[in-house]
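Numbering (numbering that gives the first Met the number 0), first residue to last: 0 to 231.
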Amino acid sequence: MPTLTPPRPGFSFPRKQTLTYTVDWRVFPAGTAVLHFEDTGDQERITANADTIGAINLLFHVSDRFQSTFDREKGCTTEFDKQTIEGRRQVNSTLKLDYPNSKSILDEKNMVTGKTKHVETPVPGCLTDLLSGVYYASSQPMEVGKSFALPVADPLRPVLVTMKVEGREEIKTPLGVFKTIRVQPTADAGVVKNRGNIWIWYTDDDRHLPVQMRARLFWGTITFRLTANENK
0 MPTLTPPRPG FSFPRKQTLT YTVDWRVFPA GTAVLHFEDT GDQERITANA DTIGAINLLF
60 HVSDRFQSTF DREKGCTTEF DKQTIEGRRQ VNSTLKLDYP NSKSILDEKN MVTGKTKHVE
120 TPVPGCLTDL LSGVYYASSQ PMEVGKSFAL PVADPLRPVL VTMKVEGREE IKTPLGVFKT
180 IRVQPTADAG VVKNRGNIWI WYTDDDRHLP VQMRARLFWG TITFRLTANE NK
């Protein structure tokens, strides 16, 4: 498996930025997602909060917290933390990437049952993760008709995600109208494969800002639309 390709020359990750998305399930407002980027020296930290709202919240309550830390120059994820509350399920986990010893280390605890899990998995080299990978892709060249690969850390084994650059499309979000490049992530295993069909619309400029994301699942379609982009 190849290791992560460094960012393209001239690209820089935000020193400080907050992105807010509305989340719709089919045609119904379902929740909000807020992502914050913070420069911590030679590391970039992304924190994400996702919460259900309204009637969806009464049917199935979701309150998820994610945090990813990666090397700003190379993109290598060093740690990926999750605190998930989804219905009655409550799980906290930490995935650490120990590159000197070529392994990932997962520690997970079910907050309802108290059951714990510890898994160590060999890794081939520099990897991204499911959260930062969406935004790390912005650092790669995007040419319609071509693809690029993102090796992603997974608790069981690293997964190679292929980012297919499908075409250009004009997208309207609550923040405005954007000229975008549509990209479809695919994989033969792992959570990307299990999430059905996924598309991400990145702005057709040097930033490649993800302004819309969509997952088509067997129980319906979820769409994230950018509503705010603040430098704070």
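For glycine and all other residues, C-beta sits at the position ideal for the given N, C-alpha and C.
Practice item. Return helix, strand or coil for Tyr-135, following the three-state DSSP convention. Key: helix
Point to revise | Cβ contact (3+ pairs, closer than 8 Å) linking the segment 148-166 and the segment 117-129 | key: yes
Review point. If you draw a straight line from the alpha carbon of Leu-216 to that of Asn-196, how long is it in whole angstroms?
Key: 7 Å
Check your understanding: Buried or exposed: which applies to Ala-186, given that a residue is buried once 16 or more other Cβ atoms fall within 10 Å of its Cβ?
Key -> buried
Check your understanding: Based on the DSSP output, what are the partners of Leu-12 in its beta bridges?
Key -> Here residue 12 is Phe; the residue named in the question, Leu, does not match the sequence. Answer is none; Phe-12 lacks a bridge partner.
Review point. So, is Lys-171 buried or exposed, given that buried needs 16 or more other C-beta atoms within 10 angstroms?
Key: exposed
Point to revise | Complete runs of the beta strand (DSSP E) confined to the segment 71-124 [at least 3 residues] | key: 76-85, 88-97, 102-109, 115-121
Point to revise | Exposure of Val-210, with buried meaning 16 or more beta-carbon neighbours within 10 Å | key: buried
Point to revise | Pairwise C-alpha distance: Thr-46 and Ile-104 | key: 20 Å
Check your understanding: Since Val-26 sits in a beta bridge, which residues does DSSP pair it with?
Key -> None; Val-26 has no bridge partner.
Check your understanding: What is the residue span of the beta strand (DSSP E) that Val-151 lies within?
Key -> 146-151
Point to revise | Reference Asn-230, options Gly-9, Asp-38, Gly-53, Leu-94, closest by Cα | key: Asp-38
Check your understanding: Who are the near neighbours of Pro-5 in its chain, counting only those whose CB is closer than 6 Å to its CB and skipping five residues on each side?
Key -> Lys-73
Point to revise | Reduced DSSP secondary structure (H/G/I, E/B, other) of Leu-129 | key: helix
Check your understanding: In chain order, what residues of the same chain have a beta carbon less than 8 Å from the beta carbon of Val-182, not counting five sequence neighbours either side?
Key -> Ala-136, Met-141, Met-162, Lys-163, Val-164, Glu-165, Trp-198, Ile-199, Trp-200, Tyr-201
**Study point:** As assigned by DSSP and simplified to three states, the class of Gly-40
**Key:** coil
Point to revise | Buried or exposed (CB count within 10 angstroms, at least 16 for buried), Arg-224 | key: buried
Point to revise | Proximity test, Lys-116 beta-carbon vs the ligand NAD heavy atom, cut-off 7 Å | key: Of the ligands one can find in the structure shown there are none, so the ligand NAD has no counterpart to examine.
Check your understanding: Between the C-alpha atoms of Gln-66 and Ser-92, what's the straight-line distance to the nearest angstrom?
Key -> 11 Å
Check your understanding: Name the DSSP beta bridge partners of Val-176, please?
Key -> Lys-171
Practice item. With distances taken Cα to Cα, identify the nearest neighbour of Lys-15 among Phe-79, Gly-175, Leu-34. Key: Leu-34
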